[in-house]
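What follows is a short report on a single structure.
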Amino acid sequence: MTEMQKGILALILACAIWGLAPIFYRELSHVAPSEVLVHRTVWSFVSFGLVLALQGRFGEIRTGFGDKRQLGISCFSSLTISLNWFIFIFAIGAGRALEASIGYYIYPLVAVVIGLVVLRERLSRAQGVAVGLATLAVLVLTAGLGVTPWISLVLAVSFATYGLLKRWIDAGPVVSVTLETLLLTPFALAFLAIWGQGAFFWGWWEALLLILCGPVTAVPLILFSYAAKRVPMSSMGLIQYLNPTLQFLVAWLVLLEPVSHWHAIALPMIWLALALYSWSVLSPSARGRART
0 MTEMQKGILA LILACAIWGL APIFYRELSH VAPSEVLVHR TVWSFVSFGL VLALQGRFGE
60 IRTGFGDKRQ LGISCFSSLT ISLNWFIFIF AIGAGRALEA SIGYYIYPLV AVVIGLVVLR
120 ERLSRAQGVA VGLATLAVLV LTAGLGVTPW ISLVLAVSFA TYGLLKRWID AGPVVSVTLE
180 TLLLTPFALA FLAIWGQGAF FWGWWEALLL ILCGPVTAVP LILFSYAAKR VPMSSMGLIQ
240 YLNPTLQFLV AWLVLLEPVS HWHAIALPMI WLALALYSWS VLSPSARGRA RT
């Protein structure tokens, strides 16, 4: 098996774990989302810290504290990913996994807009049409359901913002996420000490699930980091659509969330937008522009 094939397999496994995560977090729906979040933070730090310790790289975290600019960016990125985690946990517990999947469908298109506004990246005609279609799909859901799909929007914007902040962090992904969870862990422990409802002590099942929040977070990110060094960006972008697709199927077929006729209108619009976006990235003309 070639290195690229190993990378593709790792990426598929990472996306599969992310896509099936709603099943896992639904088992914790009887626990307050805030309490699940703080346990996810603490046990994620433990998981990432163990990986770095086994690799003899735990000392690399100190470099993040030595640069004030890097530390400031890490503080913002830790808050951003914490918001993303909380909204996802809340959505699953509230029976709104379908909205969560839509958020990760439109995330690449939100990232395009952020790149346009913040990084002054150029927007191709196809990408402009894709963003317009995604915006129209959100408006259809808003008008049809009578409420703005805020869960989808917050997940998409927070994750795209997190991706932007990660561009400005020098450390590798595992080291940087370890630093982020380390920055959040004291607040998480304080929350558990003062406001925690003690779900960890309800029984062995709850305790096990809360501990597993760490590996469920850490394993796919490590697999993703492995793949990022071996798989072309164009292939990574397409394979990552497996994540929201699995989330959608889980919400519909496993968690039995209703798919309204408004979803039936908006989702094909989003899929068409993603197809246009993918074509804009993979087309020979786009590859030619990237080489110039």
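Residues 0 to 291 in numbering that gives the first Met the number 0 are what the sequence shown spells out, letter by letter.
No residue lacks a Cβ here, since even glycine has one placed at the ideal position from N, Cα and C.
Query	Result
Simplified DSSP assignment, three categories, for glycine 171	coil
Distance between phenylalanine 85 and glutamate 205 (C-alpha atoms, nearest Å)	18 Å
Segment limits, alpha helix (DSSP H) that includes lysine 345	No statement about residue 345 is possible, as the shown extent of the chain runs from 0 to 291 and does not include it.
Endpoints, the alpha helix (DSSP H) within which isoleucine 34 is located	At residue 34 the sequence reads glutamate, which differs from the isoleucine that was named. Note, glutamate 34: alpha helix (DSSP H), 32 to 53.
When Glu179, Gln239, Ala272 and Leu208 are compared against arginine 25, the one with the closest alpha-carbon	Leu208
Own chain partners of alanine 198 with C-beta closer than 6 Å, once the 5 adjacent residues on each side are dropped	Val30, Glu34 and Glu205
Own chain residues within Cβ distance below 7 Å of valine 109, not counting five before or after	Ala155, Val156 and Ala159
Cβ-based neighbour list, leucine 271, same chain, cut-off 7 Å, excluding 5 preceding and 5 following	Leu132
Contact set for alanine 20: own chain, Cβ-Cβ below 7 Å, skip 5 residues either direction	Val215
Collapsed DSSP secondary structure at alanine 9 in the structure displayed	helix
Phenylalanine 47 versus leucine 178 - alpha carbon distance	9 Å
Range covered by the alpha helix (DSSP H) that runs through arginine 95	First-last for arginine 95: undefined, no H or E at that position.
Span separating the alpha-carbon of alanine 105 from that of arginine 39	With the sequence shown as reference, residue 105 is identified as isoleucine, and alanine is not the correct amino acid for it. About 25 Å.
Cut-off 7 Å between Cβ atoms - residues of its own chain near valine 218, not counting five sequence neighbours on either side	Ile16
With 16 other Cβ atoms within 10 Å as the buried cut-off, status of arginine 119	exposed
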